[in-house]
Amino acid sequence: MKNKIDQDKCAKCKLCIEVCPVNIIGVDKNGLVNFIPEREEICLECGQCMAVCSTNAVKISKYSYETDFEQFPTKTINFQEFKDFVSTRRSVRNFKDKPVEKETIEQLLEVLQYAPYGAEPNKVEISIINNRKKIEEILPATEKFLDDIINWVESPIVSRIIKFKKGMETFNTLKNHLYPMSKLENYKLKYGDRITRGAPALMVFHAEKGAEEHTHNALIYATYVMFAMHSIGLGATINGIVPAAINKVNGIRKVFNIPDNHEAVISIMFGYPKYKYNKVVKRESKRINWIE
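Throughout the sequence shown, residue numbering follows my numbering, covering 1 to 292 in sequence.
The following block contains the structure:
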């Protein structure tokens, strides 16, 4: 067995059995709490069994109590504090001409170890450009990509191909969002950088095509990082144009050093905000259906 339970430490509380999401722990024929050999191969390596054990009796081969676990912080926030925090986060599209320190970005990425995930958490990779001049290298090719969208949407044949290969969600995003913006030349560089908004740094979440649950994981990770940015005074905005351009234009892909067999999912442009917002924008509540 790759996992084990120290019977000398085990308190027989059976909490590890209760919390295991794939039921690979049980009581053996000797009445001892143990891993079930024939089920161990489906272990998610989530660490919940080790985290719930008060006597440190459970051992997953991948983890060590000494290096991979820490005690819960004694202070947490209440609901009102959480609500106040998330309500003050705004999408920031105006940035100071000030670089973001590498140490600050590394600090932000620490929150990802606490993010929830589906299936394999390590399939998502992150490419970071913390150099404004480097970001500017992708702008001409991205502008060309946005110009091409006009022709794609207006072509019945290409539209059908996009619907078939990429799905209606992607097509509707192109048609209802990027197409009208491109048609009005909103992204033309002659008017300034409306693609990355002059951001000093850009972060792209990507994964191997077809990797388990990589789209969901990337979106969750991006959300966590954005809230972390807000907590230390950085401003950020989700950018869907850059990933789409990466997936279509090899030249842009190379700038971010993203492998050919990877798919860019989402990106965040970020930096120190140029302006301060003083009010919370109230939005209409999402549709909620209560099922009795």
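Glycine is no exception: its CB is placed at the ideal position from the N, C-alpha and C atoms.
Values in this document were obtained by computation on a predicted structure and should not be read as measured data.
Reduced DSSP category for residue i - H, G, I as helix; E, B as strand; rest coil
i: G118; result: coil
i: A245; result: helix
i: K100; result: Here the sequence assigns Val to residue 100, which means Lys is not the residue at that position. Looking at V100 - three-state DSSP - the assignment turns out to be coil, as it is neither helix nor strand.
i: N151; result: helix
i: E45; result: coil
i: V86; result: helix
i: V58; result: strand
i: K4; result: strand
i: Y191; result: helix
i: T142; result: helix
i: L109; result: helix
i: E81; result: helix
i: A51; result: helix
i: E292; result: coil
i: E185; result: coil
Bridge-paired residues (DSSP) for residue i
i: H262; result: E208
i: A236; result: S91 and F270
i: E125; result: H206
i: N34; result: G26
i: A201; result: F270
Bounding residues of the beta strand (DSSP E) (the contiguous stretch that carries residue i)
i: G26; result: I25 to V27
i: N30; result: Looking at the DSSP string, N30 is not in any beta strand (DSSP E), and its letter there is neither H nor E.
Endpoints, the alpha helix (DSSP H) within which residue i is located
i: N217; result: H214 to S231
i: E136; result: R132 to E136
i: N250; result: N250 to V255
i: D68; result: Y65 to D68
i: E284; result: Note, E284: premise wrong, no alpha helix (DSSP H); not H, not E.
i: C16; result: L15 to V19
The ligand GTP heavy atom lying under 7 Å from the CB of residue i
i: E38; result: As for the ligand GTP, it is missing from this structure, which has no ligand bound.
Minimum Cβ-Cβ distance from residue i to chain B less than 8 Å
i: V52; result: The chain inventory of the structure shown lacks chain B, comprising one protein chain alone.
Validate contact between the region 232 to 250 and the region 132 to 148 using beta carbons, cut 8 Å, 3 pairs: Because the criterion of three Cβ pairs below 8 Å is met, the region 232 to 250 and the region 132 to 148 touch.
Considering only residues of the region 154 to 182, which uninterrupted alpha helix (DSSP H) runs meet the minimum length of 4 residues and lie entirely inside it, listed in chain order? Assignment of alpha helix (DSSP H) within the region 154 to 182, counting only whole runs of 4 or more residues, yields 156 to 166 and 168 to 173 in chain order.
Is it the case that the region 171 to 186 contacts the region 84 to 100, given that we only count it when at least three CB pairs across the two stretches are under 8 Å? In this structure the region 84 to 100 does not lie against the region 171 to 186, because fewer than three pairs of beta carbons, one per stretch, are closer than 8 Å.
Could you tell me whether the region 49 to 56 touches the region 226 to 238, where touching means 3 or more Cβ pairs closer than 8 Å? Touching, no.
Three Cβ pairs or more, each shorter than 8 Å: is that satisfied between the region 190 to 204 and the region 149 to 166? Too few Cβ pairs lie closer than 8 Å, so no.
Decide yes or no for the touch test of the region 120 to 139 against the region 204 to 213: beta carbon pairs closer than 8 Å, at least 3 of them. With a cut-off of 8 Å, the region 204 to 213 and the region 120 to 139 count as touching, because enough Cβ pairs lie within range.
Tell me whether the region 12 to 20 and the region 31 to 42 touch, counting them as touching only if at least three CB pairs, one residue from each stretch, are closer than 8 Å. Three or more pairs of CB atoms, one per stretch, sit closer than 8 Å, so the region 12 to 20 contacts the region 31 to 42.
Taking contact to mean at least 3 C-beta pairs separated by less than 8 Å, is the region 155 to 162 in contact with the region 97 to 117? Contact between the region 155 to 162 and the region 97 to 117 is absent, because fewer than three Cβ pairs lie under 8 Å.
Evaluate contact between the region 72 to 84 and the region 94 to 108, counting only Cβ atoms and requiring at least three cross-stretch pairs below 8 Å. Between the region 72 to 84 and the region 94 to 108, the count of Cβ pairs shorter than 8 Å is below three; the stretches do not touch.
Do the region 251 to 271 and the region 197 to 205 meet, that is, are 3 or more Cβ pairs less than 8 Å apart? Yes: at least three Cβ pairs fall under 8 Å.
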